[in-house]
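Numbering of the sequence shown is given in our numbering, commencing with residue 16 and proceeding in unit increments.
Presented below is the structure to which this report refers.
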Amino acid sequence: MNAIEVEDLHKRYSGEVQALRGLSFTVAPGGVFALLGPNGAGKSTALRILSTLARPDRGRARVVGHDVVTEAGSVRRSIGCVAQRSGADPLATGRENLLLSAQIFRLPRAQRRARIDELLALFRLEAAADRVVRTYSGGMRRRLDVALGLVQRPRVLFLDEPTTGLDPESRRIMWREVERLAAGGLTVLLTTHYLEEADRLARCLAIIDRGRVVAAGTPEALKGALRGDRVKLGLRDPARLDPARERVAELDGIEQVVRDGDTLVARTHAGARAVPVIVAALERAGLEVAQIAVSRPSLDDVYFQATGHAFDASAAGDREVGP
16 MNAIEVEDLH
26 KRYSGEVQAL
36 RGLSFTVAPG
46 GVFALLGPNG
56 AGKSTALRIL
66 STLARPDRGR
76 ARVVGHDVVT
86 EAGSVRRSIG
96 CVAQRSGADP
106 LATGRENLLL
116 SAQIFRLPRA
126 QRRARIDELL
136 ALFRLEAAAD
146 RVVRTYSGGM
156 RRRLDVALGL
166 VQRPRVLFLD
176 EPTTGLDPES
186 RRIMWREVER
196 LAAGGLTVLL
206 TTHYLEEADR
216 LARCLAIIDR
226 GRVVAAGTPE
236 ALKGALRGDR
246 VKLGLRDPAR
256 LDPARERVAE
266 LDGIEQVVRD
276 GDTLVARTHA
286 GARAVPVIVA
296 ALERAGLEVA
306 QIAVSRPSLD
316 DVYFQATGHA
326 FDASAAGDRE
336 VGP
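Next comes the structure, spelled out in structure tokens:
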């Protein structure tokens, strides 16, 4: 039995905001499955439906065999949720927050203290357990949020952009915690708009664009399907990138060229041979190359191949529309 099954989900909010447009994917038990896409792609809406906080307009979804609409209670007893915004009470201590969660989930009184101590140790919060949460750093708050989502020992844990707003070191710490949970057999559904995060953590992923899946599979398989290399270059005069893009696109062996901020990214089957050809062609056109590098295909290239435009984490604003 799959941990999660999503079939043809549609969801429209007030006005003309179509959040989901036939979203479909499945998640096998155990490990991390990532929903990757820019802000506004539909990731958080999908999680709200899977966690029974919203109903789809059309389609169906099941979590550990239970329908999210007709068996919502069974779904809630099987999942843990970590929202984008912290759900911890900032005026209570970390221990008090965990105790309240244990009471809400009706954890037997005899088990509560041991479970809370276990989670405080697991997320390295013992020293701060009796401090009020408002004194925690951002990384500590997020670790507490994940601990709160695990109090009832769920079979599936939903993490909605858990590292947004964290500094690089706190983000790496969170990654290690997620990897440890997945290694223990927990099914983790992670939403993210960080390409690096999905590439590192996910056993499998689905790339979402405008409310539907445009590519799915393991990160390595998706990147491996794009044979060839990625050439990224910048000009001394970034204002002339558009004519440079047109010139590079005309060259033999260049399959795609897209502008990415102040750089151009091209795909080719032979990056090492393409570099001197590209530089020479641009110099003949009076366009001086400032930097150029060759790399293997990335998830950004997969996204471009599937959608026809470059990945932009902020493409649709800071958050998705929804209740």
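Every residue gets a Cβ at the ideal spot worked out from N, C-alpha and C, and that includes glycine.
Nothing here was measured: the structure is a model prediction, and the numbers come from that model.
Close Cβ partners of residue i (< 8 Å) along its chain, the five nearest in sequence each way excluded
i	result
residue 151	109, 143 and 159
residue 30	none
residue 114	127 and 131
residue 135	109, 110, 113, 141, 144 and 162
residue 337	Because the pLDDT of residue 337 is 48, which lies under 50, any placement of that residue in the model is unreliable, and the question is left without a value.
residue 251	303, 304 and 305
residue 326	53, 210, 314, 315, 318 and 319
residue 146	108 and 109
residue 331	Here the model assigns residue 331 a pLDDT of 44, short of 50, so the residue's position is not dependable and the matter cannot be decided.
Same chain, Cβ closer than 6 Å to residue i, neighbours up to 5 away in sequence not counted
i	result
residue 280	247 and 273
residue 35	24, 25, 26, 57, 60 and 226
residue 73	25
residue 101	156 and 160
residue 178	186 and 189
residue 19	42 and 78
Extent of the continuous beta strand (DSSP E) to which residue i belongs
i	result
residue 201	No beta strand (DSSP E) contains residue 201, which DSSP labels as neither H nor E.
residue 22	19–27
residue 279	278–283
residue 273	269–275
Cβ shell of residue i (< 7 Å), same chain only, five flanking positions each side left out
i	result
residue 214	234 and 314
residue 40	21, 221, 228 and 231
residue 344	Since the first residue of the chain shown is 16 and the last is 338, residue 344 is not available in this structure.
residue 49	205, 207, 213, 216, 217 and 220
residue 96	66, 164 and 173
Residue j beta carbon less than 9 Å from that of residue i
i	j	result
residue 207	residue 176	yes
residue 220	residue 259	no
residue 255	residue 316	no
residue 228	residue 38	yes
residue 224	residue 85	no
residue 166	residue 122	yes
Residue i: CB within 8 Å of a non-hydrogen atom of the ligand NAP
i	result
residue 259	By its list of ligands, the structure shown contains no ligand whatsoever, and the ligand NAP lies outside what it can speak to.
Residues bridged to residue i (per DSSP)
i	result
residue 308	247
residue 222	51 and 230
residue 40	21
residue 46	202
residue 147	108
residue 33	27
Terminal residues of the alpha helix (DSSP H) in which residue i lies
i	result
residue 286	286–299
residue 171	Where residue 171 is concerned, there is no enclosing alpha helix (DSSP H), although the beta strand (DSSP E) it sits in stretches over 171–175.
residue 163	153–164
residue 253	From DSSP, residue 253 is part of no alpha helix (DSSP H); its letter is neither H nor E.
>> Going residue by residue through the stretch 58–140, where are the continuous beta strand (DSSP E) segments of at least 3 residues, counting only ones entirely within it?
In response: You should have 73–78 and 94–97.
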